[in-house]
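**Q**
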Amino acid sequence: MRILLALALYAACADAADLRWMISMSATRHLDRVDPSHALSRRFFESPGNFVVNGKKGSDGFPEGWHCVPAATFSSYAALQQALGKAELPAAVKAIIYDNESWQFTPSEEQHHLDRFEKLAADAIHKHGRTFIATPAADLVPVLNPKVQKGGRYDEYLRLGVAKSAARYADVYEIQAQGSENNLALYTRFVKGAAAQARSVNPRVLIFAGLSTNPSGKKITGQQLFEAIQATRADVDGYWLNIPAGGAYCPKCGEPQPQVAVELLRLLGE
Numbered sequence: 234m235r236i237l238l239a240l241a242l243y244a245a246c247a248d249a250a251d252l253r254w255m256i257s258m259s260a261t262r263h264l265d266r267v268d269p270s271h272a273l274s275r276r277f278f279e280s281p282g283n284f285v286v287n288g289k290k291g292s293d294g295f296p297e298g299w300h301c302v303p304a305a306t307f308s309s310y311a312a313l314q315q316a317l318g319k320a321e322l323p324a325a326v327k328a329i330i331y332d333n334e335s336w337q338f339t340p341s342e343e344q345h346h347l348d349r350f351e352k353l354a355a356d357a358i359h360k361h362g363r364t365f366i367a368t369p370a371a372d373l374v375p376v377l378n379p380k381v382q383k384g385g386r387y388d389e390y391l392r393l394g395v396a397k398s399a400a401r402y403a404d405v406y407e408i409q410a411q412g413s414e415n416n417l418a419l420y421t422r423f424v425k426g427a428a429a430q431a432r433s434v435n436p437r438v439l440i441f442a443g444l445s446t447n448p449s450g451k452k453i454t455g456q457q458l459f460e461a462i463q464a465t466r467a468d469v470d471g472y473w474l475n476i477p478a479g480g481a482y483c484p485k486c487g488e489p490q491p492q493v494a495v496e497l498l499r500l501l502g503e
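Here my numbering is used: the first residue of the sequence shown is 234, the next is one more, and so on.
What follows is the structure, encoded as C-alpha cells:
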C-alpha cells in the first residue's frame, strides 16, 4: 500500500515539459557545467515526479530545494540483497534500480534467467518498502538467443518477452532503447512495442524510455532526441536522460556530451 501511495504521488507531479524524468547526479553536474545558471536542471528534474540516481548516498549532494526521489542502482541481485540485508542504504533512498546487462557486473546466471531474478529483486526491494525500477538491457538478447541476427536485437527483445519479465514485478520499468535512437523508426517501434508488452502484464507500471547524448560513443543531436520524445511520449510516462562518460560501465562512450542534453531541454522548453 505504501508503494502504491508513493506511485500515486509521482503520478500527480509533472515537470515543466509535462514529463517525468530519471537522471543521475553526475549527469546533472555535466549539465550544470554547460548551463551554469542551473536553470535547466531545476526546471526539469527537481520535482517529486522524478527519480535522481545518486549512487547509494540518498539525497546527499542534492541541490537545496530539490524534492525528487533518490534512487540507488545495482547491477547484480547479490549486491542489491547484501545492501538491503545489511541496512547499508540510507532511509532517504526510496527507489532501487536493478540494472541487469550483458557485462561483467551482472553474473551470468542472472543474465540467463531474467524472470527468476526480476522476481527475486522485486521481492527483496518490496520487503523493505522501496520502489522497484527494472531496467533489463537490450544487450541481454544475444545471451538469451546467441543466434539472433545482427541488427535484430530490439525485435528479438520483444519476441522473447523481456519487457513482460521485467514489468510483471516492477513498479517502474525503463526501456533501454537509447542504442537505437539514431534510427527514429526503430526507436519508435521498439519503445511502443515494449511499453505495450509491459502494460499487458502490469497495467499500473510506470514506463520510462532511455535516451542518451552519446550511446556507445555515437554522435547524436538534441534534435534527434527531441524527435524520439515526440514520437513516443504518448506511450511512456517519462524518460531516463543519460549523459555517459567513458569508463568501465561504458567503455565506448568517450567524453560526455552535455551540450546535446542542453539542446534537447531547450527544445522541450520552447
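Ideal Cβ positions, reconstructed from N, Cα and C, are used throughout, including at glycine.
Got a sec, what are the start and stop residues for the beta strand (DSSP E) S280 sits in?
**A** Taking the sequence shown and counting its residues from 1, one reaches residue 280 at position 47. Unbroken run through S280: none, as it is neither H nor E.
**Q** DSSP three-state label for Q492, please.
**A** By 1-based counting over the sequence shown, the position of residue 492 is 259. Helix at Q492.
**Q** Would you mind stating whether A410 and V434 have Cβ atoms separated by less than 7 Å?
**A** Against the sequence shown, residue 410 aligns to sequence position 177. Against the sequence shown, residue 434 aligns to sequence position 201. Going by C-beta atoms, A410 is not nearer than 7 Å to V434.
**Q** Which of the three DSSP states is assigned to F338 in this structure?
**A** By 1-based counting over the sequence shown, the position of residue 338 is 105. Residue state, collapsed to three classes: coil.
**Q** Check each candidate in F277, R276 and F307 and name the one with the smallest Cα separation from K290.
**A** Translated into positions along the sequence shown, residue 290 becomes position 57. The candidate whose alpha carbon is nearest that of K290 is F307.
**Q** Would you say S274 and T261 are within 7 Å of each other, going by their C-beta atoms?
**A** As a position in the sequence shown, residue 274 is number 41, starting the count at 1. As a position in the sequence shown, residue 261 is number 28, starting the count at 1. Cβ distance < 7 Å, so S274 and T261 count as in contact.
**Q** So the alpha helix (DSSP H) I476 belongs to, where does it begin and stop?
**A** Reading the sequence shown from its first residue, position 243 is the one you call residue 476. Note, I476: premise wrong, no alpha helix (DSSP H); not H, not E.
**Q** So if DSSP puts T261 in a beta bridge, which residue, or which two residues, is it bridged to?
**A** Residue numbering aside, residue 261 sits at position 28 when the sequence shown is read from its first letter. Bridge partners of T261: none, in fact.
**Q** Roughly how many angstroms lie between the CA atoms of G443 and Y472, to the nearest whole one?
**A** Counting from one through the sequence shown, the residue named residue 443 turns up at place 210. Counting from one through the sequence shown, the residue named residue 472 turns up at place 239. So the two alpha carbons sit approximately 6 Å from each other.
**Q** Just to confirm my understanding: we take L454, look at its own chain, exclude 5 residues before and 5 after, and list those with CB closer than 8 Å. What are they?
**A** Indexing the sequence shown from 1 puts residue 454 at position 221. Reading off the sequence, residue 454 comes out as Thr, not Leu. The residues are V493 and E496.
**Q** Mind checking which residues open and close the alpha helix (DSSP H) that includes A311?
**A** The sequence position of residue 311 within the sequence shown is 78, counting from 1. A311 -> alpha helix (DSSP H) spans Y310 to G318.
**Q** Which residue marks the beginning of the alpha helix (DSSP H) containing A284, and which one marks its end?
**A** Along the sequence shown, read from residue 1 onward, the residue named residue 284 stands at position 51. Note that residue 284 is Phe in the sequence shown, not Ala. It is not in any alpha helix (DSSP H) - F284 instead sits in the beta strand (DSSP E) that spans F284 to V286.
**Q** The alpha helix (DSSP H) with S449 in it runs from where to where?
**A** Here the question's residue 449 lines up with position 216 in the sequence shown. Where S449 is concerned, there is no enclosing alpha helix (DSSP H), given that its DSSP letter is neither H nor E.
**Q** Assuming I366 and A304 form a contact by the criterion Cβ under 8 Å, report the distance between their Cβ atoms to the nearest whole angstrom.
**A** For this step, residue 366 is matched to residue 133 along the sequence shown. For this step, residue 304 is matched to residue 71 along the sequence shown. Yes, they are in contact, since the Cβ atoms of I366 and A304 sit about 7 Å apart, within 8 Å.
**Q** Indicate whether the contact test is met: 3 or more Cβ pairs, each with one atom in the segment 314-322 and one in the segment 337-344, closer than 8 Å.
**A** no
**Q** At 4 residues or longer, and completely inside the segment 398-441: list those alpha helix (DSSP H) runs for me, N to C.
**A** 417-434
**Q** Measuring CB to CB, does L347 end up less than 7 Å from S398?
**A** Along the sequence shown, read from residue 1 onward, the residue named residue 347 stands at position 114. Along the sequence shown, read from residue 1 onward, the residue named residue 398 stands at position 165. Taking 7 Å as the Cβ cut-off, L347 and S398 qualify as a contacting pair.
**Q** Over the uninterrupted beta strand (DSSP E) stretch that includes F295, give me the two end residues.
**A** As a first step, residue 295 must be located in the sequence shown, where it is residue number 62. Run containing F295: none; DSSP gives neither H nor E here.
**Q** Assuming I329 is part of the alpha helix (DSSP H), what are its boundary residues?
**A** Within the sequence shown, numbered from 1, the residue matching residue 329 stands at position 96. I329 -> not in any alpha helix (DSSP H); beta strand (DSSP E) instead, spanning A328 to Y331.
**Q** The ligand MG and V424: does the residue's C-beta get closer than 6 Å to at least one heavy atom of that ligand?
**A** Ligands are entirely absent from the displayed structure, and the ligand MG is therefore not among its contents.
**Q** Under a Cβ-count criterion, where at least 16 other Cβ atoms within 10 Å of its own Cβ denotes burial, should K327 be classed as buried or exposed?
**A** Taking the first residue of the sequence shown as 1, we reach residue 327 at position 94. By the 10 Å Cβ count, K327 comes out buried.
**Q** Using a Cβ-Cβ cut-off of 7 Å (strictly less than) and excluding sequence neighbours within five positions of K451, which residues of its own chain qualify?
**A** Translated into positions along the sequence shown, residue 451 becomes position 218. Taken in chain order, the residues that qualify are N415.
**Q** Only counting the same chain, and skipping five residues up and downstream in sequence, which positions put a Cβ closer than 7 Å to that of A418?
**A** Within the sequence shown, numbered from 1, the residue matching residue 418 stands at position 185. Cβ neighbours of A418 beyond the five flanking positions: none.
**Q** Taking the DSSP output, what are the residues bridged to T364?
**A** As a first step, residue 364 is located in the sequence shown; it is residue number 131 there, counting from the start. Paired residue(s): A328.
**Q** If you measure between the beta carbons of L474 and I256, is that distance less than 7 Å?
**A** What you label residue 474 is simply residue 241 of the sequence shown in a count that begins at 1. What you label residue 256 is simply residue 23 of the sequence shown in a count that begins at 1. Contact flag set, yes.
**Q** Assign E466 to one of three DSSP states: helix, strand, or coil.
**A** As a first step, residue 466 must be located in the sequence shown, where it is residue number 233. Rather than Glu, the amino acid found at residue 466 in this sequence is Arg. Of the three classes helix, strand and coil, the one that applies to R466 here is coil, per DSSP.
**Q** For F295, which of F278, Y310, A311 and S309 has the nearest alpha-carbon?
**A** Here residue 295 is taken as the residue at index 62 of the sequence shown, counted from 1. The candidate whose alpha carbon is nearest that of F295 is F278.
**Q** Assuming A403 contacts A427 (C-beta within less than 8 Å), just tell me the rounded distance between them.
**A** The count along the sequence shown starts at 1 and reaches residue 403 at position 170. The count along the sequence shown starts at 1 and reaches residue 427 at position 194. Taking C-beta atoms under 8 Å as the contact rule, A403 and A427 fail to qualify, at a distance of about 12 Å.
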